[in-house]
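There are 2 protein chains.
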Amino acid sequence: MLGSASLQFSLHHVDASSSARSGLLKVPHGIVETPAFMPVGTQGTVKAVTPRELAESGTSIILANTYHLALRPGSDIVRDAGGLHRFMAWDGPILTDSGGFQVFSLATLNKIDDEGVSFRSHIDGSSMHLTPERSIEIQNDLSADIIMAFDQCPPATADRSIIAEAVARTARWAERSVAAHGRDDQALFGIVQGGLHEDLRFLSAGQITALGFPGYAIGGVSLGETPLEMRRVVRAVAPLLPFEKPRYVMGVGRPSDIVHMVGSGMDLFDCVMPTRHARNASLFTRSGLLKMRNFSLARDYRPVEPGCPCYTCRTFSRAYLRHLYSRNEMLAGILGTIHNLTFFQGLMSDLREAIRTDRYAEFGASYREGEPLEVD
Amino acid sequence: MLGSASLQFSLHHVDASSSARSGLLKVPHGIVETPAFMPVGTQGTVKAVTPRELAESGTSIILANTYHLALRPGSDIVRDAGGLHRFMAWDGPILTDSGGFQVFSLATLNKIDDEGVSFRSHIDGSSMHLTPERSIEIQNDLSADIIMAFDQCPPATADRSIIAEAVARTARWAERSVAAHGRDDQALFGIVQGGLHEDLRFLSAGQITALGFPGYAIGGVSLGETPLEMRRVVRAVAPLLPFEKPRYVMGVGRPSDIVHMVGSGMDLFDCVMPTRHARNASLFTRSGLLKMRNFSLARDYRPVEPGCPCYTCRTFSRAYLRHLYSRNEMLAGILGTIHNLTFFQGLMSDLREAIRTDRYAEFGASYREGEPLEVD
Chain A
26 MLGSASLQFS
36 LHHVDASSSA
46 RSGLLKVPHG
56 IVETPAFMPV
66 GTQGTVKAVT
76 PRELAESGTS
86 IILANTYHLA
96 LRPGSDIVRD
106 AGGLHRFMAW
116 DGPILTDSGG
126 FQVFSLATLN
136 KIDDEGVSFR
146 SHIDGSSMHL
156 TPERSIEIQN
166 DLSADIIMAF
176 DQCPPATADR
186 SIIAEAVART
196 ARWAERSVAA
206 HGRDDQALFG
216 IVQGGLHEDL
226 RFLSAGQITA
236 LGFPGYAIGG
246 VSLGETPLEM
256 RRVVRAVAPL
266 LPFEKPRYVM
276 GVGRPSDIVH
286 MVGSGMDLFD
296 CVMPTRHARN
306 ASLFTRSGLL
316 KMRNFSLARD
326 YRPVEPGCPC
336 YTCRTFSRAY
346 LRHLYSRNEM
356 LAGILGTIHN
366 LTFFQGLMSD
376 LREAIRTDRY
386 AEFGASYREG
396 EPLEVD
Chain B
26 MLGSASLQFS
36 LHHVDASSSA
46 RSGLLKVPHG
56 IVETPAFMPV
66 GTQGTVKAVT
76 PRELAESGTS
86 IILANTYHLA
96 LRPGSDIVRD
106 AGGLHRFMAW
116 DGPILTDSGG
126 FQVFSLATLN
136 KIDDEGVSFR
146 SHIDGSSMHL
156 TPERSIEIQN
166 DLSADIIMAF
176 DQCPPATADR
186 SIIAEAVART
196 ARWAERSVAA
206 HGRDDQALFG
216 IVQGGLHEDL
226 RFLSAGQITA
236 LGFPGYAIGG
246 VSLGETPLEM
256 RRVVRAVAPL
266 LPFEKPRYVM
276 GVGRPSDIVH
286 MVGSGMDLFD
296 CVMPTRHARN
306 ASLFTRSGLL
316 KMRNFSLARD
326 YRPVEPGCPC
336 YTCRTFSRAY
346 LRHLYSRNEM
356 LAGILGTIHN
366 LTFFQGLMSD
376 LREAIRTDRY
386 AEFGASYREG
396 EPLEVD
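From first to last, the protein sequence lines are chains A and B. The first sequence runs 26 to 401 under the numbering used here. The second sequence runs 26 to 401 under the numbering used here.
Listed below in structure tokens is the structure:
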């Protein structure tokens, strides 16, 4: 099953001078304005914030990790709680990944063949087995609005032959994922693989789009490539994905990467960057990253980002946050996460507005983080 | 200066069958219903919660630690931020301790004489010096509503001669604290010492009350004594403190201790127990402590405490919290702290209501935590 009826995607505007587009994604738990950024709730919690703080940050959809939740607490416990929405008290849309990426990046692989993957848990070393059918079963238990086909995700630096094999296997697993999916209230997205090889990406895109998914992801672009390589791949693949379907870049990314890939016509993004940076005392501002333990902030009584609408910036000074970070107080990570999420969601809101008013190019040109926005 | 005009304390009711009393404490930043429990914001943050979550827990007044804030970030930085209320964005009443307890319990003492205390910081080993004058100066910088005279606080198990010396020194330091205090918008409280020796406590109470403070604390009762010894001391000392002034037991305590000491006529309490227990996965319920990592909770979909009005209990299950605690997610400590603070504030609210309706004895008799409530 594809679950296509559970998802409606309407494009409202395409920017006059790029492929950037704005739209609305409707899924059972709510409406998402696109382009959208999904904070990562790996273990059923977006680290350091409550669901209400998450909503206040402007977040409308989050990602959760199938691999982690299958290990702990176990998808049966989440299912019996009434699904992940109820378990974690997030009433908005959720997307779960397939577990493939984590199996190939976190776990200790024992065996991989057409049937599936055997591996050892990164938590306790216990033996686990994941197949397309099992991934879909777990995702059915978790009950996210959008679920992902099970894919093989090799490092981008792997030999071409390995990546070619992964493309072929990902296509076969995509078919099995469709066959295994038994719920019509969860939309199933396909994933395009192919590493940095444009010909393999084209091959994969052809195979995956042939299955008629209600949405598509470009996988494996966050695995060790340079930003320019990532952007090149996305720019090349995006036009091969159906125009009228949502397009998702998995694991991306930095604000400048998001800005760029929106210009290539991508609609959805996820990344741990805002939350992880916040816990590591790096807060985003329009003029660059603020390192919050820096002594120069000890007497800086301005907010982290003057004008930022978040609770943190409305309420506390850089000096206070510097004190909290320096003393490793939990409130540091909490307030930092609130700010960084608000920053990312503000960027998405600005991007949507720029697209709606045909000013994407102007916006992109003005957006700098110390590295070039343009490929080539 | 005593700052007496900045504080109004009105007793509204005294329980018919005990010394328990309910009242209102008015200080510059707000009104506190007594008996009241003050969560501890050691480093300018009540650990793991935002100020708005703190207010939602029913908290009206908090305690902050002069010793910690003097070390980091330094009281001048807090002063230049506009005081501690503004620095930490807590607009309600604050009480700061004098630093004496921490100097004697956390720091490495170098020298103590009538002039003051030399010690090494527990953070970086740097040499520090604290005197009554310096303690008051720091507390003036912090700008809490209620500040404490600088006292010497030996372990309760120390030789009687050491405790007698501490009583004498605490009396001299109390006078110097009064002389050093230069602000009329901060009420200065005196502290009674004397360990477990009732005669020394009586001596200290006489010396300290002779100075006419607008409020009094019983210090040193949380230092290693058994609950019965602590309660005995408080029961003996409370009647020696002026009836019409607020009475504060420093560093107490467990719910059953609070219930008991309210019956002795005490009005204010502070303790790290609700916040520290929450971070250590121990949550309070009326039927005892819930150990949140316990496997028996893995499929327990009830709230931590059915009927509890806190955000945590209204929103999440024990199974979810068990998952968060087991994975060491920050949200565990956040949600646990919200619950435990609400539990303590709910206890205080129940106590106030019991007093107002002359049911304190009944309430106290029904309150059990596995150890007897009664002294003797």
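All residues carry an ideal CB built from backbone N, CA and C; glycine is no exception.
The beta carbon of B:G55 sits no closer than 8 Å to any beta carbon of chain A. DSSP places A:V52 within a strand segment (E or B) once states are collapsed to three. Here the alpha carbon of B:G240 sits roughly 24 Å from the alpha carbon of B:A41. Taking all protein chains in view, the Cβ of B:D176 is crowded by 16 or more other Cβ atoms within 10 Å, so the residue is classified as buried. Only R97, P98, I102, D105, A106, F112, M113 from the region 88-113 of chain A bring a Cβ to less than 7 Å from some Cβ of chain B.
The beta carbon of A:Q68 falls within 8 Å of a beta carbon belonging to chain B, placing the residue at that interface. Here the alpha carbon of A:T362 sits roughly 7 Å from the alpha carbon of A:P299. Residue state for B:G358 is assigned as helix, using DSSP reduced to three classes. Minimum Cα-Cα distance from B:T75 among the listed residues A:L360, A:R272, A:H222 corresponds to A:L360. Around B:I359, the beta-carbon contacts reaching into chain A at under 9 Å are A73, V74, T75, M355, I359. Just so you know, the alpha carbons of A:T156 and A:G28 end up roughly 20 Å apart. In terms of Cα proximity to A:I87, the closest of A:K72, A:R77, A:G66, A:P98 is A:G66. Taken in chain order, the complete beta strand (DSSP E) segments of 3 residues or longer contained in the region 306-339 of chain B are 307-310, 313-316. Within chain A, the residues placing a beta-carbon under 8 Å from that of B:A344 are P98, I102, A106, F112, ordered along the chain. The distance from the Cβ of A:I187 to that of A:P179 is about 5 Å, consistent with a contact at the 8 Å cut-off. The C-alpha of B:N90 lies about 10 Å from the C-alpha of B:L167. Residue contact with chain B for A:Y350: absent (no Cβ-Cβ distance below 8 Å to any residue of chain B).
For the pair B:I163 and B:S100, the CB atoms are nearer than the 8 Å cut-off. Counting only Cβ-Cβ distances below 7 Å, A:T340 has contacts in chain B at A114, in chain order. Here B:I119 is buried. Its C-beta has 16 or more other C-beta atoms within 10 Å.
For the 8 Å CB-CB criterion, B:R272 and B:H38 do not form a contact. Within a 10 Å sphere around the beta-carbon of B:R339 sit fewer than 16 other beta-carbons, which makes this residue exposed. Spanning the alpha carbons of A:L315 and A:S307 requires a straight line of approximately 6 Å. Per DSSP, the continuous alpha helix (DSSP H) segment holding A:F227 begins and ends at 223-234. Separation of the CB atoms of B:R97 and B:Q68 is rounded to 7 Å, and the pair is thereby assigned contact status at 8 Å. B:L131 sits away from B:V142, with the two beta carbons spaced by 8 Å or more.
Excluding five sequence positions before and after B:R226, the CB atoms of its chain that fall closer than 7 Å to its own CB belong to V217, G219, V258, A261, V262, given in chain order.
A straight-line Cα-Cα distance of about 21 Å links B:G125 and B:I102.
Partner residues in a beta bridge of A:F369, as assigned by DSSP, do not exist. Shortest Cα-Cα distance from B:S123 to any of B:F34, B:S342, B:L221, B:V203 involves B:V203.
Between B:L366 and B:L109, the CB-CB gap reaches or exceeds 8 Å.
Within a 10 Å sphere around the beta-carbon of A:K270 sit 16 or more other beta-carbons, which makes this residue buried. When Cβ-Cβ separations below 8 Å define contact, B:Y392 makes no contact with chain A.
Taking 8 Å as the CB threshold, B:A183 stays off the interface with chain A. Residue-level contact by beta carbon fails for B:R301 and chain A, as no gap is shorter than 8 Å. Per the DSSP secondary-structure output, B:D209 pairs with nothing in a beta bridge.
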